[in-house]
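J.: Residue numbering for the sequence shown follows the UniProt record's numbering, beginning at 1 and increasing consecutively.
Using N, Cα and C, we set each Cβ at its ideal position, and we do this for glycine too.
Please find one structure pasted underneath; my questions will follow.
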Amino acid sequence: MLSCKALLKELEIGSTRFMHFGKRNLALNQKFEVPDVADVVIIGGGTAGCHTLYQLTKRGIKAVLLERAKLTSGTTWHTAGCVWRLRPSDIDTLLLNATRDVLMKLETETGLDPGWIMNGGIFIAYNEERMNEYRRLATIGSSFGIECHILDPGETQKLFPLINSDVIVGSLYSPGDGVVDPAMLCAALTKFATRKGAKVIENCPVSEILTRKNDFGTNKVAGVVTEFGTIKTDCVVNCAGVWSREIAAMVGLHLPLVPMKHAYIVSESNPKLRGLPNIRDHDASTYFRIQGESICMGGYEYNPVLLDK
1 MLSCKALLKE LEIGSTRFMH FGKRNLALNQ KFEVPDVADV VIIGGGTAGC HTLYQLTKRG
61 IKAVLLERAK LTSGTTWHTA GCVWRLRPSD IDTLLLNATR DVLMKLETET GLDPGWIMNG
121 GIFIAYNEER MNEYRRLATI GSSFGIECHI LDPGETQKLF PLINSDVIVG SLYSPGDGVV
181 DPAMLCAALT KFATRKGAKV IENCPVSEIL TRKNDFGTNK VAGVVTEFGT IKTDCVVNCA
241 GVWSREIAAM VGLHLPLVPM KHAYIVSESN PKLRGLPNIR DHDASTYFRI QGESICMGGY
301 EYNPVLLDK
């Protein structure tokens, strides 16, 4: 059975370590030149913030991204970076594939490699109930023109030899799935945006969001206050990740977001792993992400530990 314990034994891992991409020099604006006005102010320099900046800039909107520390220094730097194409919801499927389209053309647009690797993905099933769910996903994929295949246990094992074909009933294979390096992705997104006139300001935490009453007597955003000056704006996009709740509270909103600690492990190098597809086990709430000649193993805990700070 494909499990963290069995796979660790198979790979003969003597020790495990937490995944760390290391510090990246993104060579962005290090001067605290806070503009007086902006169409949109984005708070947070992770994947969500950088992608928002990219999309707004493409549409000719004057946007400024403020990051309290360094880009990707929050939760983005240790994101697994798995990119799946299939979801039960039509909207989710469209969003996932729109993101994938960006990844595939970003290097051409920016000259920077976002770390996109299309190694495919497999959803494994241990019972017919799960397999029927995957058959339905396959019909959704077909309706959107997404290549996907229902595989029997033997076919699944051929794609991923470490799988024990005796304990699964089949799988859903999507060859267009892949992985992306989150830090490299953010570097490419912000390079495109800043080249088109957007501003990225690091080490610039937001201390207050100003509001005013509109004609209907409700609050409307008027500006963002930082240590280095105030930016007048009518629009703020909260992309602060695990700190989004604190940002929302600045305008009196309660955001029901509870950050939780999450860990994953990375195996030692094994040449047999290179080029294999990623694995998702929905029954065990785990994923296996190929990282060069190593494999990253993570899961979604049933007894999560809350992140206090």
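1) Less than 8 Å between the CB atoms is what I'm expecting for V64 and V83, so what's the real figure, rounded?
2) Is N203 helix, strand or coil when you go by DSSP?
3) Find the nearest neighbour of T47 within the set L185, A125 and P35, judged by alpha-carbon distance.
4) Rounded C-beta distance between N203 and A69? I'm assuming under 8 Å.
5) Residues in its own chain within less than 8 Å of C235 by CB, not counting five upstream and five downstream?
6) Please report how far the alpha carbon of V266 lies from the alpha carbon of Y287, in whole angstroms.
7) Among residues of its own chain, excluding the 5 on either side of S3, which ones have a beta-carbon nearer than 6 Å to its beta-carbon?
8) Is it buried or exposed, G178, if we count other Cβ atoms within 10 angstroms and call 16 or more buried?
9) Could you tell me the distance, in whole angstroms, from the CA atom of L94 to the CA atom of I146?
10) Whose C-beta lies closer than 7 Å to the C-beta of M250 among residues of the same chain, with five residues either side of it excluded?
11) List the endpoints of the continuous alpha helix (DSSP H) containing residue 325.
12) Does DSSP classify E208 as helix, strand or coil?
T.: Let's see:
1) Sequence index remark: in the sequence shown, residue 64 carries index 64 (1-based). Sequence index remark: in the sequence shown, residue 83 carries index 83 (1-based). Not quite, the Cβ-Cβ distance comes to about 28 Å (not below 8 Å), so this is no contact.
2) Along the sequence shown, read from residue 1 onward, the residue named residue 203 stands at position 203. N203: coil per DSSP, three-state reduction.
3) Here residue 47 refers to the residue found at position 47 when the sequence shown is read from its first residue. Answer by Cα proximity: L185.
4) On the sequence shown, residue 203 is found 203 positions in, with the first residue counted as 1. On the sequence shown, residue 69 is found 69 positions in, with the first residue counted as 1. 6 Å between Cβ atoms; contact.
5) Residue 235 sits at position 235 when you count from the first residue of the sequence shown. So the qualifying residues of the chain are D39, V40, V41 and V221.
6) The residue given as residue 266 occupies position 266 in the sequence shown. The residue given as residue 287 occupies position 287 in the sequence shown. About 12 Å.
7) As a working mapping, residue 3 is identified with position 3 in the sequence shown. A caution first: S3 carries a pLDDT of 46, below 50, which makes its placement in the model unreliable, though a value can still be read off. Nothing meets the Cβ criterion.
8) In the sequence shown, counting from the first residue as 1, residue 178 sits at position 178. Classification of G178: buried, given that the 10 Å Cβ count is 16 or more.
9) Position 94 of the sequence shown, counting from 1, holds the residue named residue 94. Position 146 of the sequence shown, counting from 1, holds the residue named residue 146. Cα to Cα, the separation comes out at about 11 Å.
10) For the purposes of this step, residue 250 is taken as the residue at position 250 of the sequence shown. Result list for M250: E208 and I209, in chain order.
11) It is not possible to answer for residue 325, since the shown part of the chain is limited to 1 through 309.
12) Numbered from its first residue, the sequence shown carries residue 208 at position 208. E208 falls in the strand class under three-state DSSP.
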